[in-house]
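Q: Chains as they are written, first to last, in the working numbering: chain S, 7 to 320; chain W, 7 to 320; chain R, 156 to 443; chain H, 14 to 507.
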Amino acid sequence: MIMARFEGVFRKYGTVLGLILLVVLITIINPRFITLDNILNIFRQVSINGLIAFGMTFVILTGGIDLSVGAILALSGMLLGLMIAAGVPELIAIPTVIIFGALLGLFNGIFVAKVKLQAFIVTLATMTMYRGITMIISDGIPAMGLTSDAPILNFFSQGSILGLPFPMVLLLIVFVILMILLKYTVFGRGVYAIGGNEEVARLASLPTDRIKTMVYVISGTMAALAGVILTSRLSSAQPTAGMMFELDAIAAVVIGGTSLAGGKGRLFGTLIGVLIIGVLNNGLNIIGVSAFYQQFIKGLVILLAVILDRKSTR
Amino acid sequence: MIMARFEGVFRKYGTVLGLILLVVLITIINPRFITLDNILNIFRQVSINGLIAFGMTFVILTGGIDLSVGAILALSGMLLGLMIAAGVPELIAIPTVIIFGALLGLFNGIFVAKVKLQAFIVTLATMTMYRGITMIISDGIPAMGLTSDAPILNFFSQGSILGLPFPMVLLLIVFVILMILLKYTVFGRGVYAIGGNEEVARLASLPTDRIKTMVYVISGTMAALAGVILTSRLSSAQPTAGMMFELDAIAAVVIGGTSLAGGKGRLFGTLIGVLIIGVLNNGLNIIGVSAFYQQFIKGLVILLAVILDRKSTR
Amino acid sequence: NDDEASGADGDSIALLMADLGNPFFHVLRDAVVERGEELGYEVLVYDGQNDASRQPSQVEDALQKGVSAIIINPADESSSANALKEAIDKGIPVVTVDRAVDVDGVLSYLVTDNLKGGELVGKWLEGQLPDGGKVIHMEGVMGTAPQRERGGGFLSVIDPNENSESKFEIIGTAVGDFSMAPAEAAMSDLLARHDEIDAVFAQNDTMAVGIARAIETAGRQDEGIIIIGFDGAKEAYDLIEKGEMNVTAVQDFDFIGSEAVNFVDEYLKNGTEPEDFVLVDVYMSDSK
Amino acid sequence: MEVIMKGINKSFSGVQVLKGAGIHVKEKEIHALMGENGAGKSTLMKILSGVYTKQEGLIEINGQEQHFHSIKDSENKKIAFIHQELNVLNEMSIVENMFLGKEIKKKLGLVNNKEMTKIAKEKLHLLGLDVDPTILVKDISVGKRQLVEIAKALLMDAELIIMDEPTAALTDKEIDLLFEIIRNLKNKGVSFIYISHRMEEIFHLCDTITVMRDGSFVGQKDTKDTSFDEIVSMMVGYSLDDRFPRVEIDPGNIVLSVKDLNLNGKFKDVSFDVREGEILGFSGLMGSGRTDVMHAIFGSIPFDSGTISINQKKVQINSPIQAKKNGIGFITEDRKNEGLILSFSVAENTILPSLKNFTEKKLIKESKITGKVAEYIKKLNVRTPNQTIETNKLSGGNQQKIVIAKWLMTDPKILILDEPTRGVDVGAKKEIYEIINHLKKQGVAIIVVSSELPEVLGICDRIAVMHEGVLKKIFTRLDATQEKIMEYATGGGK
Ligand SMILES: Nc1ncnc2c1ncn2[C@@H]1O[C@H](COP(=O)(O)OP(=O)(O)OP(=O)(O)O)[C@@H](O)[C@H]1O
Ligand SMILES: Nc1ncnc2c1ncn2[C@@H]1O[C@H](COP(=O)(O)OP(=O)(O)OP(=O)(O)O)[C@@H](O)[C@H]1O
Ligand SMILES: [Mg+2]
Ligand SMILES: [Mg+2]
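1. Just to confirm the assignment, what range does the alpha helix (DSSP H) spanning W:S225 have?
2. Counting only Cβ-Cβ distances shorter than 9 angstroms, please list the residues of the region 18-43 of chain S near chain R, keeping chain order.
3. Under 8 angstroms Cβ-Cβ, which residues of chain R neighbour S:G146?
4. Name all residues in chain order for which at least one heavy atom of ligand 6 lies closer than 5 angstroms to the residue's CB.
5. What's the gap between the Cα of R:V433 and the Cα of R:D259?
6. Tell me whether W:D155 is buried or exposed, calling it buried when 16 or more other Cβ atoms sit within 10 Å of its Cβ.
7. Can you tell me where the beta strand (DSSP E) with H:A309 in it begins and where it stops?
8. Check whether the Cβ of H:T304 sits closer than 7 angstroms to any heavy atom of ligand 4, and report yes or no.
9. Does the beta carbon of H:Q97 fall short of 7 angstroms from some heavy atom of ligand 3?
10. So, using beta-carbon positions, are R:V364 and R:V405 closer together than 8 angstroms?
11. Residues of chain S with CB under 8 angstroms from H:A336, in chain order?
12. Kindly examine ligand 3 and report whether one of its heavy atoms sits closer than 7 angstroms to the Cβ of H:D438.
13. Does the pairing of the region 219-233 of chain W with the region 96-108 of chain W give three or more beta-carbon distances under 8 angstroms?
14. Report the option in W:V75, W:L290, W:R195 whose CA atom is closest to the CA atom of H:G122.
15. Thinking just about the alpha-carbon of each residue, which of H:T423, H:K186, H:R226, H:G440 is nearest to the one in H:K337?
16. On the three-pair Cβ rule with 8 angstroms, is the region 489-507 of chain H touching the region 456-470 of chain H?
17. What residue ranges within the region 264-349 of chain R form continuous alpha helix (DSSP H) runs of no fewer than 4 residues, ordered along the chain?
18. Alpha carbon to alpha carbon, how far is R:E320 from R:G374?
19. Applying the 10 Å Cβ sphere with the 16-neighbour rule, what's the burial state of H:Y251?
20. H:H82 lies in the alpha helix (DSSP H); which residues open and close that run?
21. Below 8 angstroms on the Cβ atoms is my guess for W:M135 versus S:F302; work out the distance and round it to an integer in Å.
22. From S:T129, S:G56, S:R272, pick the residue whose C-alpha is nearest to that of S:Y198; which is it?
23. Among H:H217, H:V386, H:L376, H:N370, which residue has its Cα nearest to the Cα of H:V359?
24. For H:M111, does the three-state DSSP call read helix, strand or coil?
25. Since W:I278 and S:Y299 are thought to touch, with beta carbons under 8 angstroms apart, how far apart are those beta carbons, to the nearest angstrom?
26. Could you give the residue range of the beta strand (DSSP E) that holds H:V287?
27. Please indicate yes or no: does the CB of H:E346 lie closer than 7 angstroms to some heavy atom of ligand 4?
28. Thinking C-alpha only, which one of H:S24, H:A45, H:G504, H:I487 is nearest H:F285?
29. Of the residues H:L173, H:E178, H:I208, which one's Cα is nearest the Cα of H:G202?
30. Quick check on the DSSP output: the beta strand (DSSP E) that includes H:F4 runs from which residue to which?
31. Quick check: is the beta carbon of W:R195 nearer than 8 angstroms to any beta carbon in chain H?
32. From H:N171 to H:V16, what does the alpha carbon distance come to, in whole angstroms?
33. Rounded to the nearest angstrom, what separates R:A173 and W:A92 at their Cα positions?
34. Mapping the DSSP letters down to three states, classify R:D231 as helix, strand or coil.
35. Would you check if the distance between the CB atom of R:K271 and the CB atom of S:R38 is smaller than 8 angstroms?
36. Going by the CB atoms, is the gap between H:I427 and H:M307 shorter than 8 angstroms?
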């Protein structure tokens, strides 16, 4: 009985097992891994990929993909940097760039939902365009030393609430909000339905175009929010920030058991996927694996995690 | 009548129109673009992306994707470099790395076809692994000056046949072979059938697993062949070669009208897609567009090309 | 010192490299590792893979691991500032090499003067071509400090827009991303566009090698196009020896690396504070 | 070919689907296999054709025991299988589809397109289909696609041909031709296993009938020695007295009024009214444009001109969202691609159009859903183990009921049902008619599009007949006969 229930949990959350295994293994090799300090450290580190991956989960659930998230992060981060550097009050600048991120997502969404182009190619193109715009507006020069006169921006990475780092708190709050949005709203059900079969969803009188547009808006918003945290963390806005972040986010979503075909998956899985990648990055550093081997091991663990997930959900 | 036939061609090959427009536009801005020298230069340059994109076309036609091509290129190029540097005769080294590329593709293929994991995540993981292996075997150090004692390797980029650069000749030969494979063999039919509906293909008693594995082998082989050309071209093997090449190849395939959902598309379209990207890269340099604007324009043109293709095939 | 199984909690130094994908930085890494091991330290090497956002995490991870000192080759001036501040607050000595970090309390920083290096290249070129000429500028990864500083220094001398006395003309600028293949491809395009080129400045040697190869492919190696690299990498000297390249602006990474370890060692053993700022000049060289 | 299957057992992930199933097909025989939806007919045939492997039991062909492990194994024994679902690739040409996996090769291993095209043309001609075999399958009608599948089987020189509901998408003319071909082949020694839910067809065509129920063999009868009623009661376990129940009520006011609806190339000047408590039937050949008209009314495809009025007021319907707001429900004909998200559960599918009704302060309440879905499962007598099972695990008839439940939950004033009983067994068909009648009594205006004449005549109050996009005639029930409807449907009449 208990065994069966146990099995049930793992069938449902195959990758939780993977995460536990990974944590145990790393802890055995170097027990310093499991200190409170380090755990908070990991959460602080994963918050950026986490936010992006949450947005990406919505997109992937509809059967789409968003390759432009890294570029949106860079562009909105740079905009934030330029605004702060130009003396715009941070209470204006921060919301502005988050809305700006939403607009960049809207642009993606319109091409996918209304013009009906393939998401992969739309966001590949906008990725290049957004990166180009970042370069143009910044002239390729990073904005530096941003947090010295911007306490709120600084709080985004350095602050803490009840002893927990603010990025971690933010990640968890966003997680809860998005989970409610996904599981308990008409919109969320629509996201799954579109991924399941768009035509069926349309004929069931769901506003499919609007929902499809919205998921890109969410993804863009999350990328911009991640951009704020990164800018805060680095105290600077880098024009080349966020390179390849899209791949880490997609990996987290897929490791978390969401199907790239859409319609099937959960946000909790993505959180686990994000943690697996975060633990892996941190753990390999803590163990002291040499840089070149880290890449190889990372790839291998991703492959194993997905195999594990597949075996358990069969 | 003539108008109608004209229209038919464009409906079938929507992007041909895009390519022509692009060429005309660039030529108007700077007529040096259209010199024989520069045209041969473009063909020499696109041969690398072209070969990879041809292999990618097979993968995408089955509904898969191969993100590891850039990494396979780097790894097989590095292996070639190390072998040549170690004094292995080039007539042994070159075929060896091409077979090696096929094996890396086979590894991808097995995980996709037999273990039945999603192609995106398999090749994302192997991309990381292959890049890690490249770093490990090379210690991150390029192999230099390879062609000085390797005339055959040198011929791969510097040679010419009947006045045409060898990479161009190779590209066209491979194009013809792969086109025959795709259009006139049972295997090629199977590739389309699997992309169209794998279940239907299975019920027609096609060896679907074998075909799916094979397309990754082809993709890996093409990437390795591209790796040989790049190594020859640079006369050196760079451990970080081929970064983001997968995106250029996928873009070429999609611009060429092949659907990422699989089952629909043609190799000729990919060739046009490759040329559009090549002409764009070269043209922007020839016109002298500033680097910051190049990225933006590239993204925009990709978007326009896909819209054009969609409008014409409606 | 609680000696753990990993042994890494003894006297270890974390070396954070910005990008080991760039082989030239291996010189710096090797210098630090070699000197460190001579002095009995374990050196843990981290690779930032050319991504500024990785380094703060690596600093945090190194602190978690309990290293005794940090030598960092920062990806830029500010990204790892917050993380390094934490280290400094914990009393761990931090030495930055090749680039400064905008944080108080750094033990020392040893830096190649990239701006001055760029100017030096410009001046060297003026010396070669007193009557000016047509110049191509191959830039590294846009937005990175070496790209801005080397380019800025170079242009301040050569670009007529910035230096009215310059007799040069910049006929083409392209981005080679500090790596060989894009530099080679962009150079091929520029060769197709320009019949007359007098000199090319590549912001690092890897790109210079690609440029030389593109010139060879175009069959224009006999036009006497001057190729200038930056770094002082082995491959540059090889080409210079063969007469396919002219000169490179050398950064003395051997010196910077071993000196950084010396500073840390002195501080840990005797509490000696070194000079807080060591500026290492670039020099032009055409032979190893 | 003589085939004996005996004591066949098969389970899927622990659920036993076949228990002691079997069939005995003799040489030169057309053998019907009958049973309710989900009885296991298709599964049994998939075992005979090597798609699945059996767990227990015996398969004998011409007296020899067989162990099929793959489709190739059964093909080698000259067994061809035309599956229930259309198995064609829309993006490939007819000839490519026909020869898929069986291409004729030249030397060098290249495919011989010329030869294949020639043969394809011949085989298609046999089926009365004179199209260019090199055109893409997506450019021919669904009925023709079915014929392509049949042509595929003819290619094999099969000695046993299994047909799983081959006529579901064919016109009467095509069906007649098909039957002629089947009889011809039979005379040449080919045996057939024929699965269909159309009782008339079975009695018209088949020599022998095997009935199965709940995965088991129930009995075998010679067609000439049995009756509709006997077979039906063997299938469902009880006798079904009236196949087409009807209720008579006086229709009320005009609810839906369509005037001069046009869509270039699809339909022309279509006008009709539907009243409260009235069932308007739509008859016609496949491809006569009925489905397109319904989609236009529902807003899921745009139309060129014309007006739609509801309760005498002109309305603008540009999307299914507006259609629903105007009280229209639409049960689409293609349950797999338009009706259900097959990977979703019964509950998730059922609530899709009425999601908003389950919210409180914008948040969905799970508890509300469970109760409501249970109510409809009971009301429509849906046979499902629970609400959370994926719909692709249900039989066709029960899937269809879920699609109906989905729209009933929105309380439509106007309900359009497009081929509501396609592929549904006799028992479930009757249940669906009863649901329709119940709605009629509640005053819903109902449109039933159907290609089965007995059904249209059995349940509708008036019958509209379409031909090539034109609404030719609207009969009242008393005027309508099969012959008259066919006359108009094929372009005759005045
Ligand atoms: N692959 C499968 N996995 C699980 N259950 C299955 C599978 N295939 C069929 N079943 C179940 O087996 C039972 C028999 O299905 P089958 O398709 O053989 O019925 P059928 O008699 O052909 O019905 P219909 O007349 O609706 O086509 C059904 O309950 C069905 O849900
Ligand atoms: N899924 C489909 N794909 C392509 N063409 C189709 C499809 N469904 C119908 N058609 C074609 O569209 C035309 C109009 O068909 P429509 O469905 O409106 O007619 P219908 O009278 O309802 O016939 P059916 O019962 O076949 O749907 C016909 O030529 C039909 O064959
Ligand atoms: Mg069936
Ligand atoms: Mg219809």
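We treat Cβ as the ideally placed atom computed from N, Cα and C, and that holds for glycine.
A: On the basis of the supplied data:
1. 214-240
2. I35, N36, P37, R38, F39, T41, D43
3. M297, G298, Q302, R303
4. Ligand 6 is not part of this structure, which contains only ligand 1, ligand 2, ligand 3 and ligand 4.
5. 16 angstroms
6. exposed
7. It is not in any beta strand (DSSP E) - H:A309 instead sits in the alpha helix (DSSP H) that spans 303-311.
8. yes
9. yes
10. no
11. S211
12. no
13. yes
14. W:R195
15. H:T423
16. yes
17. 269-283, 300-313, 335-348
18. 33 angstroms
19. exposed
20. No alpha helix (DSSP H) contains H:H82, which DSSP labels as neither H nor E.
21. 5 angstroms
22. S:R272
23. H:V386
24. helix
25. 42 angstroms between Cβ atoms; not a contact.
26. 280-288
27. yes
28. H:I487
29. H:L173
30. Residue 4 of chain H lies beyond the stretch modelled for chain H, which goes from 14 to 507, so this question has no answer here.
31. yes
32. Per the sequence shown, the amino acid found at residue 171 of chain H is Ala instead of Asn. Taking the straight line joining both Cα atoms gives about 13 angstroms.
33. 30 angstroms
34. coil
35. no
36. no
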